[in-house]
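Student:
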Amino acid sequence: MVIHEVGVELMDVLRIAGIIVFVGLIFYVASLRREIRLRVAAQQEVIDTRNAAIVALAALAETHDSDTGAHLQRTQEYVKALAVELRRRGKHKGVLTDEYIELLRTTAPLHDVGKVGIPDSILRKPGKLTKEEFEVMQTHTTLGHRALHRASKTAHGESAFLRLAAEIALTHHERWDGKGYPQRLEGENIPLCGRIMALADVYDALLSKRCYKAAIPHEEVIQIIAAERGRQFDPDIVDAFLAIEADIFHISQSFIDDPEMAAAAKAAATTATEPV
10 MVIHEVGVEL MDVLRIAGII VFVGLIFYVA SLRREIRLRV AAQQEVIDTR
60 NAAIVALAAL AETHDSDTGA HLQRTQEYVK ALAVELRRRG KHKGVLTDEY
110 IELLRTTAPL HDVGKVGIPD SILRKPGKLT KEEFEVMQTH TTLGHRALHR
160 ASKTAHGESA FLRLAAEIAL THHERWDGKG YPQRLEGENI PLCGRIMALA
210 DVYDALLSKR CYKAAIPHEE VIQIIAAERG RQFDPDIVDA FLAIEADIFH
260 ISQSFIDDPE MAAAAKAAAT TATEPV
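All residue numbers for the sequence shown refer to my numbering, where the first residue is 10 and numbers rise by one.
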């Protein structure tokens with residue numbers, strides 16, 4: 010009888026202990042979920058702050074040049090669309106992961122950040138640049154690369170981001186035929202990010218209205234870019250562009266220049282007809 014009573018009491022104790030453990034686990038899981046949410050929110054805040062700083066820095070560079078308003082947003086979306094289409098067509102699958110494509114889109118606004126180091130007398134010159142002035146203008150690629158490369162060496166956790174930004178800044182004026190600058194790289198020796206950015210940048214420049222030229226219609230821009238297949242641009246990227254040109258045009262119409270920013274840029278615009 011005593012043994013039976015002890016057994017019952019032991020079962021009660023174990024049952025109560027089980028309930029306590031179960032309740033404790035519930036509170037622990039809830040606490041863990043809350044901590045994860047807070048960490049994710051904090052991480053997202055860091056990312057959002059970084060992205061805002063990128064846009065601000067890139068916009069500062071743009072104020073020295075004739076590019077206006079939403080150019081940065083448009084080129085961001087162009088490069089993403091081109092990268093996604095390249096992957097869909099089976100090109101560069103090993104490189105064009107979701108993470109890389111998002112990194113490419115995020116870093117795209119920094120492609121011309123080196124222009125902050127170019128004298129306004131050259132950036133805003135109301136006429137054709139001399140040979141010497143154009144040589145100075147070309148250094149915006151190396152200036153941007155140098156600044157971003159140095160930053161990548163001192164950053165913690167952002168090195169991949171800054172390395173890609175530096176690579177884009179350096180190579181987005183290279184040409185497939187080797188006649189670009191600053192290194193006269195040719196073909197696949199040009200990093201993929203630079204090849205994609207090159208087409209996106211030129212497309213937006215041709216399509217956009219400036220005080221010294223009317224906007225070129227989308228249909229004509231398509232013909233111009235198609236004619237540069239294998240010359241200025243990577244053939245695969247041109248093919249991807251032509252396959253989604255309607256989507257690209259839609260992007261161009263989704264981010265229209267702010268009238269005030271466009272007017273300010275117009276007052277300081279140069280007479281160049283393509284990005285430098």
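Every residue, glycine too, gets a C-beta built ideally from N, C-alpha and C.
Here the structure is a predicted model, which means the values were calculated and not measured.
1. Go through its chain and collect everything with a Cβ distance to Ile231's Cβ below 6 Å, but skip five positions before and after it.
2. So Glu171 and Ala178 are in contact, right, with Cβ under 8 Å, and what is the actual spacing, rounded?
3. With distances taken Cα to Cα, identify the nearest neighbour of Gly203 among Asp266, Leu215, Tyr190.
4. Going straight from the alpha carbon of Leu251 to that of Ala209, what length do you get?
5. Taking only three categories from DSSP, how would you classify Phe170?
6. So what does DSSP say about Leu240, is it helix, strand or coil?
7. Counting pairs of Cβ atoms below 8 Å between the stretch 146-160 and the stretch 90-99, do you hit three or more?
8. Find the nearest neighbour of Gly126 within the set Arg155, Leu113, Gly103, judged by alpha-carbon distance.
9. For Asp256, I'd like the list of residues in its chain whose CB is within less than 8 Å of its CB, leaving aside the five on either flank, ordered along the chain.
10. Of all the options Thr180, Pro118, Ile205, which has the alpha carbon lying nearest to the alpha carbon of His101?
11. Where does Gln192 fall in DSSP's three states?
12. In whole angstroms, what separates the C-alpha of Leu132 from that of Glu108?
13. Which residue marks the beginning of the alpha helix (DSSP H) containing Glu197, and which one marks its end?
14. With respect to the alpha helix (DSSP H) encompassing His149, which residues constitute its N-terminal and C-terminal limits?
15. Output the distance between the C-alpha atoms of Ser130 and Lys124, rounded to the nearest integer angstrom.
16. Taking Cβ positions, are Leu113 and Ala249 nearer each other than 8 Å?
17. When you compare each of Ile233, Pro200, Asn198 to Leu215 by their alpha carbons, which one comes out closest?
18. Could you tell me which of Lys134, Ile25, His120 sits nearest to Gln85, measuring between CA atoms?
19. Cβ of His182 within 8 Å of Cβ of Thr150?
20. For a cutoff of 8 Å on Cβ pairs, would you count Ile199 as touching chain C?
Tutor: In short, the structure shows the following:
1. Answer for Ile231: Glu254, listed in chain order.
2. One point to set straight first is that residue 171 is Leu, not Glu, in the sequence displayed. At roughly 10 Å, the Cβ-Cβ gap does not stay under 8 Å, so Leu171 and Ala178 are not in contact.
3. Nearest of Asp266, Leu215, Tyr190 to Gly203, Cα basis: Tyr190.
4. So the alpha carbons of these two residues sit roughly 12 Å apart.
5. Three-state DSSP puts Phe170 in a helix.
6. Correcting the residue identity first, residue 240 is Arg in this sequence and not Leu. Three-state DSSP puts Arg240 in coil, outside helix and strand.
7. The stretch 146-160 and the stretch 90-99 do not touch, with fewer than 3 CB-CB distances between them shorter than 8 Å.
8. Residue Arg155 is the option with its Cα nearest to Gly126.
9. These residues qualify, in order along the chain: Ala90.
10. Closest in C-alpha terms to His101, from the list Thr180, Pro118, Ile205, comes Ile205.
11. Of the three classes helix, strand and coil, the one that applies to Gln192 here is coil, per DSSP.
12. Approximately 35 Å between the Cα atoms of the pair.
13. Looking at the DSSP string, Glu197 is not in any alpha helix (DSSP H), and its letter there is neither H nor E.
14. 149-163 is the span of the alpha helix (DSSP H), which, as asked, contains His149.
15. Take the alpha-carbon of Ser130 and the one of Lys124: they are about 12 Å apart.
16. No, the Cβ-Cβ distance between Leu113 and Ala249 is not below 8 Å.
17. In this structure, Ile233 is the residue among Ile233, Pro200, Asn198 with its C-alpha nearest to the C-alpha of Leu215.
18. With distances taken between Cα atoms, Gln85 lies closest to His120.
19. It is a contact, given that the beta carbons lie within the stated cut-off.
20. The displayed structure is made up of one protein chain only, and chain C is not part of it.
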